[in-house]
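This report concerns only the one structure given below.
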Ligand code: 5GP
Ligand code: ZN
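Numbering (the working numbering), first residue to last: 1 to 116.
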């Protein structure tokens, strides 16, 4: 799939609505439609990248920006302390269902480890 058929590309361009919590020229974050914690945001590059396996050296900066966004949203939401979970699933074994990379930011409750 390329960007033209991709749900998260459409959210990134504004074609499909989402509850946006953070946005820059390159990154957008919005609340997950099926939240697994009091705060559950999905942080994506606006540019289409299907999975972690497609990442290239030139993507290092945009991936870093996803984590910068996570820290900023955690501050906005008020859980920098005590802490929060960020995770990115890759392909079927990890449960990836939308093939446009997204960092899950989960906060507002305690999390167990291992995650299952
Ligand atoms: P994955 O399983 O690929 O790691 O995560 C995909 C996430 O996208 C899921 O947590 C799911 O609830 C969320 N999601 C799927 N469709 C939509 C949508 O249309 N809008 C929003 N905001 N989240 C969605
Ligand atoms: Zn996409």
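In this text, a Cβ means the ideal position worked out from N, Cα and C, and glycines have one as well.
Under the criterion of a Cβ to heavy atom distance below 8 Å, does residue i qualify as lining ligand 1?
| i | result |
| --- | --- |
| residue 30 | yes |
| residue 97 | yes |
| residue 18 | yes |
| residue 42 | yes |
| residue 36 | yes |
| residue 11 | yes |
Under the three-state reduction of DSSP, which class applies to residue i: helix, strand or coil?
| i | result |
| --- | --- |
| residue 103 | strand |
| residue 28 | strand |
| residue 63 | helix |
| residue 74 | helix |
| residue 97 | coil |
| residue 41 | strand |
| residue 49 | coil |
| residue 20 | strand |
Among the options, which one has its Cα closest to the Cα of residue i?
| i | options | result |
| --- | --- | --- |
| residue 79 | 63, 37, 91, 44 | 37 |
| residue 106 | 96, 116, 88 | 88 |
| residue 86 | 108, 98, 93 | 108 |
| residue 113 | 76, 29, 84 | 84 |
Please look up how many angstroms separate the CB atoms of residue i and residue j, rounded, as I've assumed it's under 8 Å.
| i | j | result |
| --- | --- | --- |
| residue 49 | residue 70 | With 8 Å as the limit, residue 49 and residue 70 do not qualify as a contact, their Cβ atoms being about 17 Å apart. |
| residue 51 | residue 11 | The pair is not a contact, with the Cβ atoms about 18 Å apart (cut-off 8 Å). |
| residue 55 | residue 103 | That pair is no contact at about 13 Å. |
| residue 130 | residue 17 | Residue 130 lies beyond the residue range present for the chain, which begins at 1 and ends at 116; the question has no answer from this structure. |
Is residue i near ligand 2, going by C-beta to nearest heavy atom under 8 Å?
| i | result |
| --- | --- |
| residue 14 | no |
| residue 90 | no |
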